[in-house]
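If you're matching positions, the sequence shown starts at 78 in the numbering used here and goes up one per residue.
Report on one structure; see the data block that follows.
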Amino acid sequence: IQVVLDSELDLPCELQFPQCLLLVVVMDKLPSQPKEVQTLWCTDSQVSETTTRISLLKAIFYSFEQCSGELSLPVHLQGLKSKGKAEVAVTLYQHVCVHLCTFITSFHPSLFAELDAALLNAVLSANMITSLLAMDAWCFLARYGTAELCAHHVNIVAHLIKSCPGECYQLINLSILLKRLFFFMAPPHQLEFIQKFSPKEAENLPLWQHISFQALPAELREQTVHEVTTVGTAECRKWLSSSRTLGELESLNTVLSALLAICNSAGEALDTGKQTAIMEVVSQLWAFLNIKQVADQPYVQQTFSLLLPLLGFFIQTLDPKLILQVVTLQTSLLKLEPPDYVRLAMLDFVSSLGKLFIPEAIQDRILPNLSCIFALLLADRSWLLEQHTLEAFTQFAEGTNHEEIVPQCLRSEETKNKVVSFLEKTGFVDETEAAKVERVKQEKGIFWEPFANVTVEEAKRSSLQPYAKRARQEFPWEEEYRAALHTIAGALEATESLLQKGPAPAWLLMEMEALQERMDKLKRYIHTLG
Numbered sequence: 078i079q080v081v082l083d084s085e086l087d088l089p090c091e092l093q094f095p096q097c098l099l100l101v102v103v104m105d106k107l108p109s110q111p112k113e114v115q116t117l118w119c120t121d122s123q124v125s126e127t128t129t130r131i132s133l134l135k136a137i138f139y140s141f142e143q144c145s146g147e148l149s150l151p152v153h154l155q156g157l158k159s160k161g162k163a164e165v166a167v168t169l170y171q172h173v174c175v176h177l178c179t180f181i182t183s184f185h186p187s188l189f190a191e192l193d194a195a196l197l198n199a200v201l202s203a204n205m206i207t208s209l210l211a212m213d214a215w216c217f218l219a220r221y222g223t224a225e226l227c228a229h230h231v232n233i234v235a236h237l238i239k240s241c242p243g244e245c246y247q248l249i250n251l252s253i254l255l256k257r258l259f260f261f262m263a264p265p266h267q268l269e270f271i272q273k274f275s276p277k278e279a280e281n282l283p284l285w286q287h288i289s290f291q292a293l294p295a296e297l298r299e300q301t302v303h304e305v306t307t308v309g310t311a312e313c314r315k316w317l318s319s320s321r322t323l324g325e326l327e328s329l330n331t332v333l334s335a336l337l338a339i340c341n342s343a344g345e346a347l348d349t350g351k352q353t354a355i356m357e358v359v360s361q362l363w364a365f366l367n368i369k370q371v372a373d374q375p376y377v378q379q380t381f382s383l384l385l386p387l388l389g390f391f392i393q394t395l396d397p398k399l400i401l402q403v404v405t406l407q408t409s410l411l412k413l414e415p416p417d418y419v420r421l422a423m424l425d426f427v428s429s430l431g432k433l434f435i436p437e438a439i440q441d442r443i444l445p446n447l448s449c450i451f452a453l454l455l456a457d458r459s460w461l462l463e464q465h466t467l468e469a470f471t472q473f474a475e476g477t478n479h480e481e482i483v484p485q486c487l488r489s490e491e492t493k494n495k496v497v498s499f500l501e502k503t504g505f506v507d508e509t510e511a512a513k514v515e516r517v518k519q520e521k522g523i524f525w526e527p528f529a530n531v532t533v534e535e536a537k538r539s540s541l542q543p544y545a546k547r548a549r550q551e552f553p554w555e556e557e558y559r560a561a562l563h564t565i566a567g568a569l570e571a572t573e574s575l576l577q578k579g580p581a582p583a584w585l586l587m588e589m590e591a592l593q594e595r596m597d598k599l600k601r602y603i604h605t606l607g
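So this is what it looks like as C-alpha cells:
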C-alpha cells in the first residue's frame, strides 16, 4: 500500500498509464473488503516524519491527470459488459469514470468526508480533464444520493464561489460545477436556495450569473428571471448615472454576465418588457466604449466581450446605426490583436448577423467590415479560435441573405481548404498513427513540465488555503493612476463627440479653463516630486 500510494512516487512517463489502471483495479476490489481496510486505503496518513501516504482517490486523480497522452490519442480499453448489449471499447476517461462512480455507490458512510475532499481537490485542479472527471463523479453522486445531500453540496459550492477573491481557474471550475449540480436539486431545495441567496440582492448576482434558469420549474424561473432582470438593469442604470470609473467595471461585468445568463436560458420567462429593459441599458453602455480603452484595459475588454453576445441576442431589433458602430469597432480592434476571449466574443455577434437582412442604405459600410472580420479570424493560428470561427462562419453563411459576402471572406487558398475540410468533416492535416503517437509524446513533455512545477508548489499548501500576498510593486497606485487617466481621456472623447452634434453651452469654455488650471497645477506638483 505504501509503494502504490506514496506521496513522493515519481514514476517515469511510460509507467503512468499502468499505474492508473492498477489503482482502478485496487478500487474495484475495496467494496468487498472490511471497513478497516477501506479506511486504510481511503485516508491520508503520515507514515513517518519523512514519508506520507495519500488516499486512493487522490492517487487516482493524480495518476489520471498524468495520462494526457493516452487521453488525447485516445487509448481504448475493454468495456464493461451489459445485459443484452455487445461489449464495446471505451476510452481511458470513460473507463476511470465508470469505475469511480461504481465505487462511490459502495463507499462507506464514515468515509464521506474523504470522498468530498478528494472530489473538491480534483475539481479545483489546474488540469481541465481531471476537473471534468471530478465534476462527472460529483454529478453522479448528486443523482445517486439523497436530495438533501445534493442541496448541501450546492450550498457549499455557492459559498466557495462567493468567497473567491477574484478571477481564477478555480472559480471557473466551481461555477461549472454549480451550474450542473443545480439541475439535480429538488424544487423545494431550489426555493430554499433562492431565499438564501436572493436574486433581489445585487451581492448575490455573482452566483446567479453561473446558474441556468432552465434548471428551475416554470413558476420559480419566472420569479427569478424577473428579480435578476430588475436588479441587473437597475445596477446598469446606477453605473450610467454615476462617475463611471474603471474601478466599478468589475461589479458591472458581473451584472452583465447575469443578464447574459438570463438571455441564454430564461426562454419564455424573458418577456418583451424585460427584453426591452435589457436592450436599452446594453445599448447605452455600448455608447461609452472606445477602442483605446478596449485595446488596453482588461476590465473594459471583459465588458466589451459581454456586451457583444447581449447585442447579438437582440440583433433583430437593434438600430442599424448601432450595428454599424459595433461592426466598425470590431474591425479596428482586430487589427490591434486583442486577447482570444475578446475575439471569441466577436464571433458570437457576427454569426448572429446571418439571421439579419441588412438595410440597403448601410450595406456598403457593414458588409466590407463583416468580410474583413471573418477573413482575419479565419486566418488566425490559434486552433481553438480557428474551430469556433469555422463554426460561426458556417452558421452565418447558411443563414445570410447576403450570399455575395461569403466568397469575400475566403481570401486565400489555405482558408478555402480549411472551410471545405470543415464542411466535409475531413481532417485538414494528414497524420499517420505513428506520427500522432510521437507528437503526443512530445506534447506531453512540453506541457507537463511547467504544470508539474506548479503542482509541486501547490502541494506545499492546502488547496483551500489562500495564496500568499504578492510583493508590493514599486508604484503601488499605478493601476489607479492609469484608471483615472483613462477616465479623463474618455470624458474628453465624450465631450468631442457632443461638440460634433451641436453647439456648446455658454458655461463649457469657463469650466474647461478651470480644468486646465488644475491640470497645470498637477503637472507642476509632479515636477517637484521628480
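Positions of the beta carbon are idealized from the N, C-alpha and C atoms, including for glycine.
Distance between residue 154 and residue 165, taken at the CA atoms: about 9 Å. The residue from 238, 369 and 167 with its alpha-carbon nearest to that of residue 564 is 369. Residue 495 sits buried, since 16 or more C-beta atoms from the chains shown fall within 10 Å of its C-beta. Straight-line measurement puts the Cα of residue 375 at about 22 Å from the Cα of residue 466. Ranked by how close their Cα comes to the Cα of residue 208, the residues 215, 199 and 214 have 199 in first place. Each of 298, 89, 569 and 150 was checked against the Cα of residue 340, and the nearest Cα belongs to 298.
Per the coordinates, the alpha-carbon of residue 572 lies some 32 Å from the alpha-carbon of residue 448. For residue 315, the enclosing alpha helix (DSSP H) starts and ends at 295-317. Judged by beta-carbon spacing, residue 216 lies beyond the 8 Å limit of residue 255, meaning their Cβ atoms are not closer than that value. The bridge partners DSSP lists for residue 168 are 153. Taking a cut-off of 8 Å on C-beta distances, the segment 463-483 touches the segment 413-425, as three or more cross pairs fall below it. For residue 374, no alpha helix (DSSP H) run applies, since DSSP gives it neither H nor E. Annotation for residue 191: the continuous alpha helix (DSSP H) segment containing it runs 189-200.
Linking residue 268 to residue 291 through their CA atoms gives a straight-line distance of about 14 Å. Short of 8 Å from the beta carbon of residue 142, and not among the five residues preceding or following it, lie these beta carbons of its own chain, in chain order: 202, 204, 206 and 207. Counting only the Cα atoms, residue 283 lies some 11 Å from residue 275.
In this structure, the beta-carbon distance from residue 103 to residue 80 does not fall below 8 Å. In this structure residue 169 is not in contact with residue 186, their Cβ atoms being roughly 30 Å apart against a cut-off of 8 Å.
The Cβ atoms of residue 410 and residue 372 lie closer than 8 Å to each other. Taking a cut-off of 8 Å on C-beta distances, the segment 581-590 does not touch the segment 386-395, as fewer than three cross pairs fall below it. Ranked by how close their Cα comes to the Cα of residue 439, the residues 473, 414 and 400 have 400 in first place. If only complete runs of 4 or more residues are kept, the segment 95-121 shows the alpha helix (DSSP H) at 112-119, in order along the chain. If you ignore the 5 residues before and after residue 271, its C-beta comes within less than 7 Å of the C-beta of 297 and 301, all in its own chain and listed in chain order. The three-state reading of DSSP puts residue 162 in strand, counting E and B together.
Each of 131, 322 and 107 was checked against the Cα of residue 568, and the nearest Cα belongs to 322.
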